[in-house]
Amino acid sequence: MYRNIISICKKDKKWTDRSIDSDKKFRELHSFSKFLLEEWSDRLEDESKTSSFKDYFEPYLKQLVKEKELARMIPLEHIDRLLTASAENHMVYTILTLMYRAGLSSTEIIALKGPEDFVQYGDGLYVFLKGRQEPCYIPEDAKEILFSYLEEWEEGRSLFYNRSKNPLNTMYISRMMKKYCEKAKIPSYSAEAVRNCCAFNLFVYGATEEQVSDQMGRTVCQIKRYKGMGYKKNLKKRSADLVKIRIERPI
4 MYRNIISICK KDKKWTDRSI DSDKKFRELH SFSKFLLEEW SDRLEDESKT SSFKDYFEPY
64 LKQLVKEKEL ARMIPLEHID RLLTASAENH MVYTILTLMY RAGLSSTEII ALKGPEDFVQ
124 YGDGLYVFLK GRQEPCYIPE DAKEILFSYL EEWEEGRSLF YNRSKNPLNT MYISRMMKKY
184 CEKAKIPSYS AEAVRNCCAF NLFVYGATEE QVSDQMGRTV CQIKRYKGMG YKKNLKKRSA
244 DLVKIRIERP I
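Residue numbers for the sequence shown, in the working numbering: 4 to 254.
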């Protein structure tokens, strides 16, 4: 079945024209399978009961469409509306801020345990992220929002958690994005698209490829895809009217 899906995506022109969309759906199925396995392993004492179910999609991920030449951008006015829509939920607002201003991925977000992951150096606040060799800088505006969230944070197993006080997963972040994009009345954007904006902003304000790759935790070759001229024009046009280059604390 899964080989047939891959074959259709490669041979059918209609699927080829929509390759990014089919790629996204395939990855969503992989994420959902992973989510189910995580939930079942937590609830069932006998993990052998889940042996008949596994993630059949993961082996085929390497065959899917690679990243676009240019990363997807979000218009600045849509970021503004997304942040406004989430302002009442301080956890969501903080997550979006860390993605947009510091370039953290959804995987890095859900792996944060608490204040112990952050350290204050002489030139600012940094966060230690799993998989990165160097700590990641947290801009001052994002730091203020993070500290505001920590004032109401309840110490537990993770920095961000659901209503049951359990750590978040990537499926939660995906649903969160869908919910607040709908509330903001903007197209449905992914967490990755929000994160991409951090790199775009850095390039617009003159950062080098090495500086951007360091902030985003990616290689210099990967960073080249963030040099989108369309975003640069949009940013210059809208920055005089909007305040979200520097994110403000929610009211």
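Beta carbons are placed, not taken as given, at the ideal position from N, Cα and C, and that holds for glycine. This structure is a prediction, so every number in the text was calculated from the model and none was measured.
Rounded separation between residue i and residue j - CA only
i	j	result
Y190	K181	Reading the sequence as shown, one finds Pro at residue 190 and not Tyr. One C-alpha to the other measures close to 9 Å.
Y183	L115	22 Å
V207	E195	19 Å
I82	G209	21 Å
T211	L107	19 Å
S141	E158	In the sequence on display, residue 141 carries Ile and not Ser. C-alpha separation (whole angstroms): 21 Å.
A145	T100	6 Å
R198	L85	13 Å
K133	E111	7 Å
E91	P253	7 Å
L79	R178	22 Å
M76	K168	33 Å
Q136	V215	15 Å
V34	T173	Rather than Val, the amino acid found at residue 34 in this sequence is Ser. Taking the straight line from one Cα to the other gives about 8 Å.
D58	K37	6 Å
F131	G220	11 Å
S89	L128	24 Å
D217	P138	9 Å
R166	M94	11 Å
L40	W156	28 Å
L149	E61	34 Å
Y175	D120	21 Å
S109	M102	8 Å
G125	E185	40 Å
Where residue i sits in the DSSP three-state scheme
i	result
I82	helix
Q123	strand
P190	coil
Y140	strand
L39	helix
Y175	helix
L153	helix
D58	coil
E158	coil
M76	coil
E251	coil
A145	helix
T211	coil
R135	coil
A90	coil
First through last residue of the alpha helix (DSSP H) which encompasses residue i
i	result
Y103	H93 to A105
S109	S109 to A114
Contact set for residue i: own chain, Cβ-Cβ below 7 Å, skip 5 residues either direction
i	result
P118	L153
R104	P142, D144, A145, C201 and I250
Y164	P170 and L171
I98	I112 and F163
E147	R252
S193	M180
Residues near residue i by beta carbon distance below 6 Å, same chain, minus five either side
i	result
R160	P170
V122	Y129
A187	R84, L85 and A88
S151	R252
L205	V215
Beta-bridge pairing of residue i - partner residues as DSSP gives them
i	result
P170	Y164
Y129	V122 and Y140
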